[in-house]
Every structure is written in C-alpha cells, then in structure tokens.
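Numbering (the numbering used here), first residue to last: -16 to 157.
Where a beta carbon is used, it is the ideal one built from N, C-alpha and C, also for glycine.
The structure displayed is predicted, hence computed values, not measured ones.
First comes the structure, then the notes that go with it.
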Amino acid sequence: MTDLTVLALLIEGPKHGYRLKQEAGTIFGQAALHNNLVYPLLRRFTASGWVTRKTVPGARGQNRQQYALTPLGRRTLLGRVREFSEQEARSADAFRARVGFFGLLAAEDRERILRAREQALRERDQKLDTVQKAMRLDVYASEAVAFMREQIAVELSWIGRLGSLNSKPEGRDS
C-alpha cells in the first residue's frame, strides 16, 4: 500500500521528496515516512518510467529533487488501484486505501470494489456467528467476537453509504 500511496500523491502535480515523505506519513498516521522507504520507491518508479525526477533550486540556495507522475505512471497507478483481489477484499487496509482512491475510478470499478468488500465482510461475519454458536466462549472471548461483529456491521453500513454516493450522478454533492 505504501507504494500506491506515494505514487498517488503525485497525481495532483510534482512534489519534492521531503513533501512526499510528510504527506505519506500523515496518511499512515506518522510524522513522516523514513527516507529508506520513500527514496527507494521513487528510484524504482523513476526506473520504471512512472515518475520523472528533475533538480530544481530550493528556497535556501540548495538543489532539491522534484518528482512528477508520467502518463505511464498514471495508467499504472489507475490499473493497480482497479485491481482488487479476494485477498485484498478481506483486508481492511487494502479496502480503505481503495476508497481513498475512489475519486480516480469509474463508478463501475467503485461498485465492484464495494461488492467484493461487502461479500468478504459477510463471509467473516458468518464465520464469527459460527464461532459464537459452536464454541464455549468465556465472557472476554464473547466480548471480542461481539465487538468484531459490531465492527463488521458498522463497515457494512459505511459501504451502503459509499454505494449511495456512487450511484449519484457525477459531480453532485447532495
């Protein structure tokens, strides 16, 4: 997910590596992503032709590297965002990342991702229901299973809201 996020941050325009580190860090709940994570990704993106790098003057006379998404990079990003396997549908992080990219996707891609996640959640809820009925759970285990099922219900409700947004005509907020 880190690679998709860093690549997606370039969709709105060129950025310096430092800014990418800061923005990606914010997305992941950190102060900034580490250099050893961001800069190897940027080198890989550049080598793949997804990103260009150019040296630009900095505010204090230093040179800074600025990165920009290429048309190939944009197509690659959109292709990877559209991909949503069964395994990814079971991952809350993979799903939330896709929702964060929904503005880049066509309505039918968003709908397919929503339905896949919904199915994965319903299957998980069914398994938890089976656990509740088939096992002798102590009070704490029962609470844990009940909490997981509550989280599933909340996410299913959210998926319903996202589906409603997705079915509105493009460009309408209300």
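Under the criterion of beta carbons closer than 8 Å, Thr53 and Thr35 qualify as touching, at roughly 6 Å. Ile142 sits away from Asp108, with the two beta carbons spaced by 8 Å or more.
Asp112 and Ser74 have their C-alpha atoms spaced approximately 19 Å apart. About 17 Å separates the CB atoms of Arg95 and Leu(-13); that is not less than 8 Å, and the two are not in contact. When beta bridges are read from the DSSP output, His17 appears opposite no residue.
DSSP places Thr53 in the coil class of the three-state scheme, outside both helix and strand. The count of Cβ pairs closer than 8 Å, one atom from the region 98 to 106 and one from the region 66 to 73, reaches three, so the stretches are in contact. Our two residues, Arg93 and Asp76, have alpha carbons roughly 16 Å apart in a direct line. By the neighbour-count definition (other C-beta atoms within 10 Å, threshold 16), Ala51 is an exposed residue. Take the alpha-carbon of Arg144 and the one of Leu97: they are about 10 Å apart.
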